[in-house]
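One structure is given here, and the rest of the page talks about it.
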Amino acid sequence: MTDKTKAAANAMWGGRFASGPDAIMQAINASIGFDRRLYAQDIAGSRAHAAMLAAQGIIKPSDAEAIREGLLTVLSEIEGGQFTFRTELEDIHMNVEARLKELIGEPAGRLHTARSRNDQVATDFRLWVRDQADAAVLGLKALQRALLAQAEAGADWVMPGFTHLQTAQPVTWGHHMMAYVEMFGRDAGRFADARARMNESPLGAAALAGTGFPIDRAATAKALGFDRPMANSLDAVSDRDFALEFLSASAITATHLSRLAEELVIWSSAQFRFVTLSDRFTTGSSIMPQKKNPDAAELIRAKIGRILGATVALFTVMKGLPLAYSKDMQEDKEQVFDAADTLMLALAAMEGMVRDLSANRANLEKAASSGFSTATDLADWLVREAGLPFRDAHHVTGALVALAEKKGCDLPDLSLTEMQSAHPAINQEVYSVLGVHNSVASRQSFGGTAPDQVRAQAARWAARLA
Ligand code: ARG
Numbered sequence: 226m227t228d229k230t231k232a233a234a235n236a237m238w239g240g241r242f243a244s245g246p247d248a249i250m251q252a253i254n255a256s257i258g259f260d261r262r263l264y265a266q267d268i269a270g271s272r273a274h275a276a277m278l279a280a281q282g283i284i285k286p287s288d289a290e291a292i293r294e295g296l297l298t299v300l301s302e303i304e305g306g307q308f309t310f311r312t313e314l315e316d317i318h319m320n321v322e323a324r325l326k327e328l329i330g331e332p333a334g335r336l337h338t339a340r341s342r343n344d345q346v347a348t349d350f351r352l353w354v355r356d357q358a359d360a361a362v363l364g365l366k367a368l369q370r371a372l373l374a375q376a377e378a379g380a381d382w383v384m385p386g387f388t389h390l391q392t393a394q395p396v397t398w399g400h401h402m403m404a405y406v407e408m409f410g411r412d413a414g415r416f417a418d419a420r421a422r423m424n425e426s427p428l429g430a431a432a433l434a435g436t437g438f439p440i441d442r443a444a445t446a447k448a449l450g451f452d453r454p455m456a457n458s459l460d461a462v463s464d465r466d467f468a469l470e471f472l473s474a475s476a477i478t479a480t481h482l483s484r485l486a487e488e489l490v491i492w493s494s495a496q497f498r499f500v501t502l503s504d505r506f507t508t509g510s511s512i513m514p515q516k517k518n519p520d521a522a523e524l525i526r527a528k529i530g531r532i533l534g535a536t537v538a539l540f541t542v543m544k545g546l547p548l549a550y551s552k553d554m555q556e557d558k559e560q561v562f563d564a565a566d567t568l569m570l571a572l573a574a575m576e577g578m579v580r581d582l583s584a585n586r587a588n589l590e591k592a593a594s595s596g597f598s599t600a601t602d603l604a605d606w607l608v609r610e611a612g613l614p615f616r617d618a619h620h621v622t623g624a625l626v627a628l629a630e631k632k633g634c635d636l637p638d639l640s641l642t643e644m645q646s647a648h649p650a651i652n653q654e655v656y657s658v659l660g661v662h663n664s665v666a667s668r669q670s671f672g673g674t675a676p677d678q679v680r681a682q683a684a685r686w687a688a689r690l691a
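My numbering runs 225 ahead of the 1-based position in the sequence shown.
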């Protein structure tokens with residue numbers, strides 16, 4: 226091959242690719258389209274770093290001051306919408322630094338002393354996720370307060386308790402609401418635990434090995450509200466377990482939300498009519514005038530798909546990555562951003578829906594009284610008053626349920642003679658335990674559904690949430 230043909234071949238090849246691959250490379254490589262959301266954290270991290278560099282005598286105080294002023298200008302430009310984000314500058318870190326250079330000139334180049342984008346991005350992202358963990362706790366507490374208000378209002382309203390979605394035993398509305406207060410309380414605890422664990426500073430780990438400059442990592446950690454610097458520089462730049470914990474806690478919360486959402490969908494149906502959702506959280510149908518659709522509940526029920534998807538995605542990205550930083554980890558942000566946005570919206574929508582919903586007390590009670598919901602109370606009565614072994618009592622009660630079913634009535638509608646046909650020891654007293662109010666009032670065991678128990682649990686939570 227002569228030089229001439231080689232050049233021609235290159236010219237043909239290059240003509241197509243000289244700009245092509247660059248544009249594609251930029252498209253796959255740049256993160257500014259999404260990591261611009263970290264601008265406030267990025268600037269806070271740079272301010273802490275510059276102040277520390279000056280305090281340690283690594284840069285001149287006048288340079289640190291110029292950097293500080295310049296960063297404040299960049300911050301106000303971004304917040305005022307006057308900042309031009311440039312894809313060719315790849316990410317938020319380089320966009321901020323390049324603008325700083327335009328504003329203050331030479332001192333801007335000193336900011337990156339004893340630092341790398343690796344510890345920079347780890348710091349920014351931790352700060353961002355930390356804020357989201359706090360926001361999740363706030364959102365969960367607001368939702369718990371809404372559930373608590375429902376529980377307090379209906380501590381003694383009876384409703385059917387279900388297993389297998391079949392009527393099981395009567396419970397109280399308050400008890401059912403408080404079950405979710407407990408779940409969301411544990412969820413808040415998970416975010417708080419994750420926050421405490423993530424609150425260590427990666428800043429100063431530099432690219433991966435630390436730095437030869439006499440930096441003060443404790444000072445930057447403190448300035449950014451971290452409890453302490455991370456103890457291993459390789460770990461500091463290469464783990465995203467804090468994001469995985471946030472996503473995992475989000476997925477569990479979203480699972481709880483989806484269960485409550487599903488109950489609201491069922492309860493608001495014409496077949497149940499347990500609750501009426503407010504107009505503010507429902508939609509109409511364009512063709513069926515009678516419809517009031519529980520769209521918010523349905524969407525909350527579905528959101529777990531996105532949140533769990535993000536969780537699986539980041540686990541998959543992180544799995545098998547060798548230490549320390551790899552560009553793969555740039556894939557962490559979009560997943561966490563989307564999951565956090567989704568979670569906060571779902572929490573807010575659920576809070577509004579719960580706050581607005583009205584439980585139909587009469588329908589709840591009617592449903593609680595049907596379906597032989599007090600059969601267990603009858604069996605317990607036979608054990609207590611007639612001295613039957615529970616297994617025998619269960620059998621006798623089963624026969625009475627079959628009889629009532631055949632007659633198309635409920636247990637309290639059977640006559641005493643009919644009752645006694647199943648067991649001669651049954652007397653008039655039995656009717657006292659067949660009522661749903663007596664049934665729930667008798668469930669006084671700790672954590673049981675008796676209104677007294679529910680009120681005690683509600684009072685405990687009210688104090689905690691105050
Ligand atoms: N945009 C990058 C990220 O999100 C920042 C860190 C880049 N570091 C590097 N060595 N290229 O992960």
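We treat Cβ as the ideally placed atom computed from N, Cα and C, and that holds for glycine.
> Going by beta carbon distance, what residues of the same chain come within less than 6 Å of E302, once the five residues before and after it are set aside?
Replying inline: Working through the sequence shown from its first residue, we reach residue 302 at position 77. Excluding sequence neighbours, E302 sits near F308.
>> Please return the same chain residues whose Cβ sits closer than 7 Å to the Cβ of A650, not counting the five positions on each side in sequence.
In response: As a first step, residue 650 is located in the sequence shown; it is residue number 425 there, counting from the start. Closer than 7 Å at Cβ, skipping near neighbours: A611.
> How would you label T397, buried or exposed, when you count the other beta carbons within 10 angstroms and need 16 or more for buried?
Replying inline: On the sequence shown, residue 397 is found 172 positions in, with the first residue counted as 1. Buried, since its Cβ has 16 or more Cβ neighbours within 10 Å.
>> Quick check on the burial criterion: 16 or more other C-beta atoms within 10 angstroms. Buried or exposed for L607?
In response: Along the sequence shown, read from residue 1 onward, the residue named residue 607 stands at position 382. Label assigned to L607: buried.
>> Let me see if you follow: with CB-CB separation under 8 Å, is A650 close to chain C or not?
In response: Going by chain labels, chain C is absent from the structure shown, which holds only one protein chain.
>> What would DSSP say about P246, mapped onto helix, strand or coil?
In response: Residue numbering aside, residue 246 sits at position 21 when the sequence shown is read from its first letter. With a pLDDT of 45 at P246, under the threshold of 50, the modelled position of this residue cannot be trusted; read the value that follows with caution. It is helical.
> Taking the alpha carbon of A566 as the point to measure from, which residue in N585, I529, I253 has its own alpha carbon closest?
Replying inline: Counting from one through the sequence shown, the residue named residue 566 turns up at place 341. The amino acid occupying residue 566 in the given sequence is Asp; Ala does not appear at that position. Closest option to D566, Cα to Cα, is I529.
>> I'd like to know whether the C-beta atoms of A584 and A521 end up nearer to each other than 8 Å.
In response: Counting from 1 along the sequence shown, the entry for residue 584 is found at position 359. Counting from 1 along the sequence shown, the entry for residue 521 is found at position 296. Taking 8 Å as the Cβ cut-off, A584 and A521 do not qualify as a contacting pair.
> Can you tell me whether DSSP reads P395 as helix, strand or coil?
Replying inline: Here residue 395 is taken as the residue at index 170 of the sequence shown, counted from 1. Three-state result, P395: strand.
> Hey, would you say S426 sits closer than 8 Å to L459, going by beta carbons?
Replying inline: Within the sequence shown, residue 426 is the residue found at index 201, counting from 1. Within the sequence shown, residue 459 is the residue found at index 234, counting from 1. Their beta carbons are not under 8 Å apart, which means S426 does not touch L459 by this criterion.
> Mapping DSSP to helix, strand and coil, what is G534?
Replying inline: In the sequence shown, residue 534 corresponds to position 309, counting from 1. Three-state result, G534: helix.
> Near N518, what residues of its chain come up, given a Cβ to Cβ distance below 8 Å and the 5 sequence neighbours on each side ignored?
Replying inline: Walking along the sequence shown from the start, residue 518 turns up at place 293. Answer for N518: T507, T508, G509, S510, listed in chain order.
>> Is Y550 close to ligand 1? I mean its beta-carbon at under 7 Å from any heavy atom of the ligand.
In response: The residue labelled residue 550 in the question sits at position 325 within the sequence shown. Yes.
> Considering only residues of the same chain and omitting the five flanking positions on each side of L300, which have a CB-CB separation below 8 Å?
Replying inline: The residue you call residue 300 lines up with position 75 of the sequence shown. Cβ neighbours of L300 beyond the five flanking positions: Y264, A265, I268.
> With 16 as the cutoff for other CB atoms within 10 Å, does M250 come out buried or exposed?
Replying inline: Taking the first residue of the sequence shown as position 1, residue 250 is located at position 25. So M250 ends up on the exposed side.
>> Applying the 10 Å Cβ sphere with the 16-neighbour rule, what's the burial state of A592?
In response: Position 367 of the sequence shown, counted from the start, is the residue given in the question as residue 592. It counts as buried.
> From this set, I284, I329, A279, which residue's C-alpha is nearest L297's C-alpha?
Replying inline: By one-based count along the sequence shown, residue 297 stands at place 72. Out of I284, I329, A279, I329 has the C-alpha closest to the C-alpha of L297.
> Cα-Cα, which of A374, R355, H401 is closest to G672?
Replying inline: Here the question's residue 672 lines up with position 447 in the sequence shown. G672 has its Cα closest to that of H401, out of A374, R355, H401.
> For the alpha helix (DSSP H) that T507 lies in, which residues bound it at each end?
Replying inline: Within the sequence shown, the letter at position 282 stands for residue 507. Segment: none, T507 is in no alpha helix (DSSP H) and carries neither H nor E.
>> Measuring only the C-alpha atoms, how far is A684 from I292?
In response: The residue you call residue 684 lines up with position 459 of the sequence shown. The residue you call residue 292 lines up with position 67 of the sequence shown. In a straight line, the C-alpha of A684 is about 53 Å away from that of I292.
> What three-state label does DSSP hand A624 in the structure shown?
Replying inline: As a first step, residue 624 is located in the sequence shown; it is residue number 399 there, counting from the start. In this structure, A624 counts as helix in the three-state DSSP scheme.
> Cβ-heavy atom distance between N343 and ligand 1 below 7 Å?
Replying inline: Counting from one through the sequence shown, the residue named residue 343 turns up at place 118. It does: the Cβ of N343 is within 7 Å (strictly closer) of some heavy atom of ligand 1.
> With DSSP run on the structure shown, which of helix, strand or coil describes A584?
Replying inline: Mapped onto the sequence shown, residue 584 falls at position 359. Looking at A584 - three-state DSSP - the assignment turns out to be strand.
> Going by the beta-carbon positions, is the gap between T478 and L568 smaller than 8 Å?
Replying inline: For the purposes of this step, residue 478 is taken as the residue at position 253 of the sequence shown. For the purposes of this step, residue 568 is taken as the residue at position 343 of the sequence shown. Yes, Cβ-Cβ distance for T478 and L568 is below 8 Å.
> Is any heavy atom in ligand 1 found nearer than 7 Å to the beta carbon of D260?
Replying inline: As a working mapping, residue 260 is identified with position 35 in the sequence shown. Because some heavy atom of ligand 1 lies under 7 Å away, the Cβ of D260 counts as near it: yes.
>> For the alpha helix (DSSP H) containing V655, name the first residue and the last one.
In response: As a position in the sequence shown, residue 655 is number 430, starting the count at 1. Taken as a continuous stretch (DSSP letters only), V655 belongs to no alpha helix (DSSP H), as it is neither H nor E.
>> I believe H481 touches F409 by the beta-carbon criterion, under 8 Å. Please report the beta-carbon distance rounded to the nearest angstrom.
In response: Mapped onto the sequence shown, residue 481 falls at position 256. Mapped onto the sequence shown, residue 409 falls at position 184. Yes, H481 and F409 are in contact; Cβ-Cβ is about 6 Å, under 8 Å.
> For ligand 1, is there a heavy atom less than 7 Å away from the beta-carbon of H318?
Replying inline: As a first step, residue 318 is located in the sequence shown; it is residue number 93 there, counting from the start. Correct: H318 has its Cβ closer than 7 Å to ligand 1.
>> Taking contact to mean 3 or more Cβ pairs, one atom from each stretch, closer than 8 Å, check whether the segment 374-383 and the segment 672-681 are in contact.
In response: yes
>> Alpha carbons only, please: which of S463, Q281, D418 is nearest the one belonging to F350?
In response: Counted from its first residue, the sequence shown places residue 350 at position 125. Answer by Cα proximity: S463.
> Sorry if obvious, but does the Cβ on Q555 come closer than 7 Å to a heavy atom of ligand 1?
Replying inline: Sequence index remark: in the sequence shown, residue 555 carries index 330 (1-based). Yes, since a heavy atom of ligand 1 falls inside the 7 Å radius drawn around the Cβ of Q555.
> What is the DSSP secondary structure of N518, reduced to helix, strand or coil?
Replying inline: Stepping through the sequence shown from its first residue, residue 518 is reached at position 293. Reduced to three states, the DSSP call for N518 is strand.
> Mind checking P676: buried by the 16 CB within 10 Å criterion, or exposed?
Replying inline: As a working note, residue 676 is residue 451 in the sequence shown. Its Cβ being crowded by 16 or more others within 10 Å, P676 is buried.
> Quick one: what does DSSP say P286 is sitting in, helix, strand or coil?
Replying inline: For the purposes of this step, residue 286 is identified with residue 61 of the sequence shown, where counting begins at 1. Residue state, collapsed to three classes: helix.
>> So the candidates are W492, R586, V346, E327; which of them puts its Cα closest to the Cα of A461?
In response: Counting from one through the sequence shown, the residue named residue 461 turns up at place 236. Of the candidates W492, R586, V346, E327, the one whose C-alpha sits nearest the C-alpha of A461 is V346.
>> Strictly by DSSP, which residues pair up with F387?
In response: As a position in the sequence shown, residue 387 is number 162, starting the count at 1. In DSSP, F387 forms a bridge with T392.
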